[in-house]
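Taking it in order: structure first as structure tokens, then the write-up.
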């Protein structure tokens, strides 16, 4: 993990499944002194992963920036801008920001690089970008800031992914391709050329067969 | 490995390549006392991976449930029901069943989770389900029982894969999708919506170019 | 690493990004005594990864085969034949050839198997073949000589990939498929049947939406 020592308390913002993942990865990295925070009124339960939840308005009392470092663990809502806004708010309050990532993979702030993500030689991950397990970031490829690289996405070597862009599950980007800011690359989509900012690429879901599986394996025994 | 200590003898049912994989993974996990069993008449050779092969009818004499734990290492024939039937038969004979999986990934019986499979935070693998190397099971996703998740398949977060279902090589399932029981998702297929039980999804193989590779690289130098 | 001990000097041929990857992997494997060589006139700068660069004509003076083992770290130009030709030239000069690969994965010469590549039980990688991080080589699959298996490519079990063939990023090959020599399988292509030598398979890039991402997330909030 980048940033504070394992004994420094960490504030995790977020009350959903992304926060659960970040908390688990932090614990596996040896961090045990964790506090969870959500926006006022958004605490669905009183605890998450066994941790108490405080509300944003009570931050100063329970997890001051004098004692706590912080991490924003939310999804890609509003094309990653919700996460960016919360990050900026915490920085304005004076929090130092950590990343959740194996040491060698990232020196950015508020990045999450899953331990099962592959970051090849010379690749770089920007601040507030999340790279999920099973994703591959090719050699010398740069992921901008505030991106979301889903599980199983493969980005070849020498690419650039623009700020705020989203790559869906299993998306493919071939080598030396530049993807502009604010792009959405759908699940399983194949991108072989540069894309201007704001481009949306959506692959078609596969066709459903008219046969059910019982009939299918009668014709095509498996 | 789940179950017995490394010194307890293990009976592996199966005489093909799947058994070879299971035997190798068991050995890498420190298990050395292995016996292989096949159905009567199905022993193609006298040994597999250097191990002697016994026939089903001789189980009691050579690998009793009083001494041996068991694992069924066969493929997805009859949509995983052949493997399930053999597992039930061994359980009826009194065998305790192990799984072949890194400790932290699975607590089910007769599951195989390859050491290179990715099982994200909060994911669960059902009994008698096989997850191959290079497959990714997303956070909080549940794989039912008796499934087959092929190499390179990527299942995003918060999904559910129904019992007996088969996902082919490189298949993609986007987040929060529920796939019913007995589904067949072909190699490289992309699934973005819930599927009822018994659904078959088959992607098209890619088109073959009219150019051979010598002409191709003349036009598109690589 | 296969071959010489970590103290033996190694000559790396190549001055581009592939050489940078090989140098980094060699260093992570404990090799520190590295010399880089390029063809006469091809040294773009005086150093690469901090190492001095010598030209081919000066090999005998600076990195003799009596002292140095060698590795050719270039791309797939001319369908992997440029790399093969350089390898043959170094062998003719008397160099012993190493591979850059975790010990257990490969015993070939001049193979590069990234540490994040998955090589399943019983798979074999031929000499001068490169397998990138995030690629999966299925159980009992054989990769021929002089191949290039890109990041995120998934080859199922019991396949054979012919000499000199190229698999692009995220390409998929289903089980028991034989791909002939000199084939080009494009990024994201799906191959389910045997292919004769020289076949080219190219998948279509995905379609670009008419909507930009700002409009898109208004209609489909993410």
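Protein chains in written order, with the working numbering: chain A, 1 to 222; chain B, 1001 to 1222; chain C, 2001 to 2222. Cβ atoms here follow ideal geometry from the backbone N, Cα and C, with glycine treated the same way.
| query | result |
| --- | --- |
| Rounded Cβ spacing between residue 2111/C and residue 2133/C (contact assumed at less than 8 angstroms) | Wrong, their Cβ atoms sit about 14 angstroms apart, outside the cutoff. |
| CB-CB length for residue 72/A against residue 86/A, believed under 8 angstroms | 5 angstroms |
| beta-carbon residue 1220/B near the ligand SAH non-hydrogen atom, thresh 7 angstroms | The ligand SAH is not part of this structure, which contains no ligands at all. |
| CB contact check: residue 214/A to chain B, cutoff 8 angstroms | yes |
| Environment of residue 2215/C [buried if 16+ CB atoms lie within 10 Å] | exposed |
| Bounding residues of the alpha helix (DSSP H) (the contiguous stretch that carries residue 1055/B) | Run containing residue 1055/B: none in the alpha helix (DSSP H); it sits in the beta strand (DSSP E), 1051-1055. |
| Nearest-angstrom Cβ-Cβ length linking residue 2187/C and residue 190/A, presumed shorter than 8 angstroms | 6 angstroms |
| For residue 2169/C and residue 2149/C, the rounded distance between their alpha carbons | 8 angstroms |
| Residues bridged to residue 2151/C [DSSP beta-bridge criterion] | Answer is none; residue 2151/C lacks a bridge partner. |
| Terminal residues of the alpha helix (DSSP H) in which residue 1061/B lies | 1059-1062 |
| Residue 1220/B in three-state terms, based on DSSP | coil |
| Residue 2069/C in three-state terms, based on DSSP | strand |
| Same chain, Cβ closer than 6 angstroms to residue 1161/B, five either side skipped, listed in chain order | 1143, 1144, 1147 and 1179 |
| is_contact[residue 2136/C, chain B] using C-beta, thresh 8 angstroms | yes |
| Option in 2075/C, 2109/C, 2102/C and 2079/C with minimal Cα separation from residue 2090/C | 2109/C |
| Reference residue 296/A, options 94/A, 153/A, 47/A and 76/A, closest by Cα | Any question about residue 296/A goes unanswered here, given that chain A covers just 1 to 222. |
| Nearest residue (CA-CA) to residue 2037/C, options 2098/C, 2167/C and 2055/C | 2055/C |
| Residue 1218/B classed as buried or exposed, judged by whether at least 16 other C-beta atoms fall within 10 angstroms | exposed |
| Alpha carbon of residue 15/A to alpha carbon of residue 44/A, nearest angstrom | 8 angstroms |
| Helix, strand or coil at residue 2099/C according to DSSP, with G and I counted as helix | strand |
| Opposing strand residues paired with residue 2035/C [DSSP bridges] | 2011/C |
| Endpoints, the alpha helix (DSSP H) within which residue 202/A is located | Unbroken run through residue 202/A: none, as it is neither H nor E. |
| Beta carbon proximity, residue 1021/B to chain C, threshold 8 angstroms | yes |
| Segment limits, alpha helix (DSSP H) that includes residue 2088/C | 2081-2092 |
| Between the CA atoms of residue 60/A and residue 53/A - distance to the nearest angstrom | 14 angstroms |
| Contacting residues, own chain, Cβ-Cβ under 8 angstroms from residue 123/A (five flanking each side not counted) | 137, 138, 139, 140, 141, 142 and 143 |
| The region 37-67 of chain A: positions lying closer than 9 angstroms to chain B by Cβ | none |
| Other residues of its chain near residue 1084/B: CB distance less than 7 angstroms, five sequence neighbours each side excluded | 1128 and 1146 |
| C-beta neighbour in chain A for residue 2168/C, strict 8 angstroms | yes |
| 8 angstroms contact criterion, which residue 2159/C and residue 2173/C should meet: CB distance rounded | 6 angstroms |
| Any chain B beta carbon closer than 8 angstroms to residue 2211/C | no |
| Three-way DSSP call (helix, strand, coil) for residue 2046/C in this model | coil |
| Proximal residues of chain A, C-beta to C-beta of residue 2098/C below 8 angstroms | Result: empty, since nearest Cβ-Cβ is about 18 angstroms, beyond 8 angstroms. |
| Secondary structure of residue 1/A, DSSP reduced to three states | In this prediction, residue 1/A has a pLDDT of 48, which is less than 50 and means its spatial position is unreliable; nothing more can be read from the coordinates. |
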